[in-house]
Amino acid sequence: MTSDERKGMTPGRFDPAKLGEKQLAFPPAEYDARQKKIKSLLQRERIDLLWMTTPEAVAWTHGYVVSWYKANAPMRYPQFYGTAIPAHADGLVHFDNPSEETILARTSVSPENKFFTSREPDEVLPFIVAELKSKGWLKPGTRIGMEFWSYLPNRAISEMVEQAFRAAGAEIVDASSLVREARRVKSEAELAKIREAVRLCDIGHATVAGEMRPGMTELELFGLATAAMMKAGSGFPALIPIFNASPVVDGEPQMLGHAMAGRHALKEGEILEADLCGVVDRYHGNLLRGHYLGDPPTKLVEKYRLAAGAFDVIRAECRAGQTQREVAAILKRYYVDCGLWDTPGWALGYELGLSLPPDWVGDFYFNLRDAKPAYVDRVFEPGMVTNFESLYGTALIDTLIWNKDGVEILGKTKLGLLSTPA
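Counting from 613, one number per residue, gives the positions in the sequence shown under this note's numbering.
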């Protein structure tokens, strides 16, 4: 791209060759294996070309991460970026604005990047189509997979891209489940990131327990916990964490749901829900705990003990290879026996891994009250990572790695009610 073509499209002059060594989250061989996995799945589904746009999937495939994806940008500045992956040819091509050339050079193993010379749809779309045609990846009859369940780009832009591909003679199919399947089972290198992320969570909870005092605002305490986690190496979480204090009435917390930290000043006799996520190279580990300020009521301590007991059952009786139905039966038996099953609340979990704002909740979701065969017949595969939520008026979540010989529960912070003297 010439300097004239760059005008108005970059923040300044730079030379990617002078950036030094790449800053990759994983060795190139890890990304090579991922790209081969994607291509194998494309061939299985008889898809010729994948147009990938979910930021997490793009990052997983070749390492590219930025702070702004223009998800809700001005309508005159549509986000047309994407990674094109052929099923039956080597390599891939990433398309983007030239403003991101430097970060692609630094953080991505993409072997080929194509940069737009305009922000206008009537120029960008023909450019994408022409580049794909020139490589022989787009022609009449080409079956292209797009991510219909991606939040990026928005509907208006996605339909523009789809229409451009159809006008070139392509057939369009939804490849969302294929892309999510590729990321579901974690490699050993990914698991190491998640273990470290949970260690950083433990630092956050230790900070909350050691620093919370009456009169301190939720924001002040959240800032201290975040600072401690970041000092130890944690990144920004993909979701703004739940971090709120509520009163306890007759031993029952008046839980505030998904409320973030605010200016509320903590009081003795309140319980703080702290749903922290440690982040290492965008890989998340999730721990929720309840922190009581003062001497907690016996009823609440006992309820937490019972809700925490589910994690002992998981550790003792659950493992990869079991179906969701089998795991649910094991845990339902425990919840029924301890008396929590028919009380308000839930027991469920969801996939964790590489996440970017605005969400850290992965695709694989399970609820002990699920009944549809499409859900309960699914298998927990070795190398899957989920959280597990034991929420019956209790703030208890931990992160699990599913292995053939059992389930690894990662958090070291006590599973039960935590209390700090007022």
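Positions of the beta carbon are idealized from the N, C-alpha and C atoms, including for glycine.
Apart from the five residues just before and just after residue 645, which ones in its own chain have a Cβ nearer than 8 Å to its Cβ?
Within the sequence shown, the letter at position 33 stands for residue 645. Within the same chain, residue 645 has close Cβ partners 799.
What residue range is occupied by the uninterrupted beta strand (DSSP E) comprising residue 1020?
Within the sequence shown, residue 1020 is the residue found at index 408, counting from 1. First-last of the beta strand (DSSP E) with residue 1020: 1018-1021.
Report the three-state DSSP secondary structure of residue 858 (helix, strand or coil).
Taking the sequence shown and counting its residues from 1, the one referred to as residue 858 is at position 246. Strand at residue 858.
Can you list, in chain order, the stretches of the alpha helix (DSSP H) that have 4 or more residues and sit fully within the segment 937-994?
Listed in chain order, they are 985-988.
Using the Cα positions of residue 859 and residue 944, report the straight-line distance between them to the nearest angstrom.
The residue labelled residue 859 in the question sits at position 247 within the sequence shown. The residue labelled residue 944 in the question sits at position 332 within the sequence shown. Using only the alpha carbons, I get a separation of about 29 Å.
What do you get for residue 734, buried or exposed, if any count of 16 or more other CB atoms within 10 angstroms of its CB means buried?
As a position in the sequence shown, residue 734 is number 122, starting the count at 1. It is exposed - the Cβ of residue 734 has fewer than 16 other Cβ atoms within 10 Å.
Can you confirm whether the segment 770-784 touches the segment 811-824 when touching is taken to mean that 3 or more C-beta pairs between the two stretches lie within less than 8 Å?
No, they do not touch.
Secondary structure at residue 815, three-state DSSP: helix, strand or coil?
In the sequence shown, residue 815 corresponds to position 203, counting from 1. Three-state result, residue 815: helix.
With distance defined between alpha-carbon atoms, name the residue in 815, 862, 881 nearest to residue 841.
As a position in the sequence shown, residue 841 is number 229, starting the count at 1. Among 815, 862, 881, the Cα nearest to that of residue 841 belongs to 815.
Three-state secondary structure (DSSP) at residue 674?
Here residue 674 corresponds to residue number 62 of the sequence shown, with the count starting at 1. In the structure shown, residue 674 sits in a helix (DSSP, three-state: H, G or I).
Own chain residues within Cβ distance below 7 Å of residue 712, not counting five before or after
The count along the sequence shown starts at 1 and reaches residue 712 at position 100. 678, listed in sequence order.
Residue 622 and residue 817 - do their beta-carbons sit closer together than 8 Å?
In the sequence shown, residue 817 corresponds to position 205, counting from 1. In the sequence shown, residue 622 corresponds to position 10, counting from 1. In this structure, residue 622 does not lie closer than 8 Å to residue 817 by Cβ.
Whose C-beta lies closer than 7 Å to the C-beta of residue 801 among residues of the same chain, with five residues either side of it excluded?
Locating residue 801 in the sequence shown gives position 189, counting from the first residue. Taken in chain order, the residues that qualify are 638, 642.
Residue 707, DSSP secondary structure in three states
Here the question's residue 707 lines up with position 95 in the sequence shown. Strand.
Can you give me the start and stop residues for the alpha helix (DSSP H) that residue 887 sits inside?
As a working mapping, residue 887 is identified with position 275 in the sequence shown. No alpha helix (DSSP H) holds residue 887; the beta strand (DSSP E) holding it covers 882-892.
Selection from 1003, 876, 780 that minimises the alpha carbon distance to residue 827:
Mapped onto the sequence shown, residue 827 falls at position 215. Selected option, being the one with the closest Cα: 876.
Less than 8 Å between C-beta atoms, sequence neighbours within five positions excluded: which residues of the same chain meet that for residue 714?
Looking up residue 714 in the sequence shown gives position 102. Excluding positions up to five away in sequence, the list reads 626, 628, 631.
Just the C-alpha distance for residue 947 and residue 912, rounded to the nearest angstrom, thanks.
Position 335 of the sequence shown holds residue 947. Position 300 of the sequence shown holds residue 912. About 17 Å.
Where the alpha helix (DSSP H) through residue 923 begins and ends
Indexing the sequence shown from 1 puts residue 923 at position 311. Start and end: 910-929.
Straight-line gap, residue 1001 to residue 636 (C-alpha atoms, nearest Å)
The residue given as residue 1001 occupies position 389 in the sequence shown. The residue given as residue 636 occupies position 24 in the sequence shown. Taking the straight line joining both Cα atoms gives about 33 Å.
Look at residue 661 and residue 699 and say whether their C-beta atoms are less than 8 Å apart.
For the purposes of this step, residue 661 is identified with residue 49 of the sequence shown, where counting begins at 1. For the purposes of this step, residue 699 is identified with residue 87 of the sequence shown, where counting begins at 1. Their beta carbons are under 8 Å apart, which means residue 661 touches residue 699 by this criterion.
Quick check: what's the CA-CA separation for residue 920 versus residue 652?
One-based indexing of the sequence shown puts residue 920 at position 308. One-based indexing of the sequence shown puts residue 652 at position 40. The straight-line gap from Cα to Cα measures roughly 41 Å.
What's the C-alpha gap between residue 927 and residue 939?
Along the sequence shown, read from residue 1 onward, the residue named residue 927 stands at position 315. Along the sequence shown, read from residue 1 onward, the residue named residue 939 stands at position 327. One C-alpha to the other measures close to 11 Å.
Opposing strand residues paired with residue 1033 [DSSP bridges]
Position 421 of the sequence shown holds residue 1033. According to DSSP, which records beta bridges pairwise, residue 1033 is partnered with nothing at all.
Using a Cβ-Cβ cut-off of 6 Å (strictly less than) and excluding sequence neighbours within five positions of residue 728, which residues of its own chain qualify?
Within the sequence shown, numbered from 1, the residue matching residue 728 stands at position 116. Correct list, in chain order: 709, 736.
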